[in-house]
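Engineer: Keeping their order, the protein sequence lines are chains F and L.
Be aware that the first sequence starts at 1, since it is given in the working numbering, and climbs by one per residue.
Be aware that the second sequence starts at 1, since it is given in the working numbering, and climbs by one per residue.
For every residue, glycine included, the Cβ atom is placed at its ideal position computed from N, Cα and C.
My questions all concern the structure below.
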Amino acid sequence: MNDIAIIIAGILIGVGLAFDVFGCVGLVRLPDVYTRLQASTKCVTLGTCLILLGALVGSIGTSAAWPTIAKALLCIVFVLITAPTGAHALARGAYKDGIKPSPSVVDKYAKVVPVREPDRSETIEAPDEPAGKDS
Amino acid sequence: MTWVGFLWLAVAVLVVCAFMCLHRIARGPTPPDRAVAIDILGVLLIGACAISTLLSGRDFYLSIALAWGLLAFVGTLALAKHLEGKPFDE
């Protein structure tokens with residue numbers, strides 16, 4: 001019983017780690033904010049859920065089985081709810097920050113949402129100020 | 001391969017993923033790139049907490065993962081709101 005649980009947990013954790021690695025490679029290699037957001041958020045969400053599922057299965061037979069199972073299920077539900085919500089908010093914020101999806105051809109969201117021009121004057125000028133001056 | 005060795009290998013893979021996210025945080029050309037990388041780093045840490053639970057046999061690491069996920073979610077929403085150009089109390 002315990003050996004079978006450990007084998008299943010190892011398979012789940014291995015698949016989850018593969019998804020995590022692919023998501024992070026997408027985060028490094030893709031050309032745009034939106035493509036990076038899509039690849040990394042989807043892959044890392046599924047990978048983390050599989051790792052949590054592996055922790056759930058791998059804790060069967062140990063002394064702390066039932067609290068681990070309950071907390072792992074809670075974490076899975078929480079990650080599945082919050083990760084897409086955060087990614088959606090970040091994509092909307094990035095678009096309103098004035099970043100165009102540069103390799104794409106069609107941009108129908110531009111007809112709906114007014115785009116603020118990127119204003120980075122404060123972030124550029126901030127290090128030039130003398131350090132002791134309080135505003 | 002033993003079970004503990006496999007878990008330490010999993011920790012090593014997660015550390016490599018975290019360094020990829022740190023590369024994007026350091027080199028990201030725009031602020032939303034960095035915000036995305038911070039979000040992904042938070043989700044990776046939840047998986048690291050799950051593997052720590054299996055390594056140590058104690059379940060409080062999953063409580064840490066739950067609290068960390070909540071704080072990372074609030075931080076991501078705050079960063080997104082800041083990128084939209086709105087004040088935080090709107």
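Using 10 angstroms around the beta-carbon of Lys71/F, count the other beta-carbons present and answer buried if the total reaches 16, otherwise exposed.
Structural biologist: So Lys71/F ends up on the buried side.
Engineer: Against chain F, with Cβ distances strictly below 8 Å, would Ala26/L count as a contact?
Structural biologist: No, because no Cβ of chain F sits closer than 8 Å to the Cβ of Ala26/L.
Engineer: Quick one: what's got a C-beta closer than 6 Å to Cys43/F's C-beta in the same chain, skipping five residues either side?
Structural biologist: These residues qualify, in order along the chain: Phe19, Phe22, Gly23.
Engineer: Evaluate Ala10/L with the Cβ neighbour count: other Cβ atoms within 10 Å of its Cβ, from every protein chain shown; 16 or more gives buried, anything less gives exposed.
Structural biologist: With 16 or more other Cβ atoms within 10 Å, it is buried.
Engineer: DSSP state of Ser52/L, grouped into three classes?
Structural biologist: The answer is helix: DSSP assigns Ser52/L an H, G or I state.
Engineer: List the residues of chain L that Ser40/F touches, going by C-beta distances under 7 Å, in chain order.
Structural biologist: The answer, in chain order, is Val36, Ile40.
Engineer: Taking one C-beta from the stretch 52-63 of chain L and one from the stretch 54-62 of chain F each time, how about it: are there three or more such pairs within less than 8 Å?
Structural biologist: Contact holds: three or more Cβ-Cβ distances are below 8 Å.
Engineer: Between which two residues does the alpha helix (DSSP H) containing Ile42/F stretch?
Structural biologist: Note that residue 42/F is Lys in the sequence shown, not Ile. Segment 33-58, the alpha helix (DSSP H) holding Lys42/F.
Engineer: Tell me the rounded alpha-carbon separation between Ile76/F and Ala83/F.
Structural biologist: Rounded to whole angstroms, Ile76/F to Ala83/F spans 11 Å at the Cα level.
Engineer: Let me see if you follow: with CB-CB separation under 8 Å, is Val33/F close to chain L or not?
Structural biologist: True, the Cβ-Cβ gap to chain L drops below 8 Å.
Engineer: What number of angstroms, rounded off, separates the C-alpha of Thr41/F from the C-alpha of Ala64/F?
Structural biologist: If I take the Cα positions, the gap works out to 31 Å.
Engineer: Mapping DSSP to helix, strand and coil, what is Pro31/L?
Structural biologist: In this structure, Pro31/L counts as helix in the three-state DSSP scheme.
Engineer: Helix or strand or just coil, what does DSSP make of Asp97/F?
Structural biologist: Looking at Asp97/F - three-state DSSP - the assignment turns out to be coil, as it is neither helix nor strand.
Engineer: Write down the C-beta distance between Cys49/L and Ala65/L rounded to the nearest angstrom, noting that I regard them as a contact closer than 8 Å.
Structural biologist: The Cβ separation is near 4 Å, so the contact holds.
Engineer: Any C-beta of chain F sitting closer than 8 Å to the C-beta of Trp8/L?
Structural biologist: No - not a single Cβ of chain F is within 8 Å of the one on Trp8/L.
Engineer: Closest to Val4/L by CA distance: which of Asp39/L, Thr53/L, Leu22/L, Leu71/L is it?
Structural biologist: Nearest of Asp39/L, Thr53/L, Leu22/L, Leu71/L to Val4/L, Cα basis: Thr53/L.
Engineer: Alpha carbon to alpha carbon, how far is Asp107/F from Val113/F?
Structural biologist: Each residue's alpha carbon lies about 11 Å from the other.
Engineer: Is the shortest distance between the beta-carbon of Leu12/F and the beta-carbons of chain L less than 8 Å?
Structural biologist: Closer than 8 Å: no.
Engineer: Assign Asp3/F to one of two classes, buried (16 or more other C-beta atoms within 10 Å of its C-beta) or exposed (fewer than that).
Structural biologist: Per the 10 Å Cβ criterion, exposed.
Engineer: Can you pull out the residues from the stretch 96-112 of chain F whose beta carbon lies closer than 7 Å to at least one beta carbon of chain L?
Structural biologist: Cβ contacts with chain L: Lys96, Asp97, Ile99.
Engineer: Is any beta-carbon of chain L found at less than 8 Å from that of Ala5/F?
Structural biologist: By this cut-off, Ala5/F is not an interface position.
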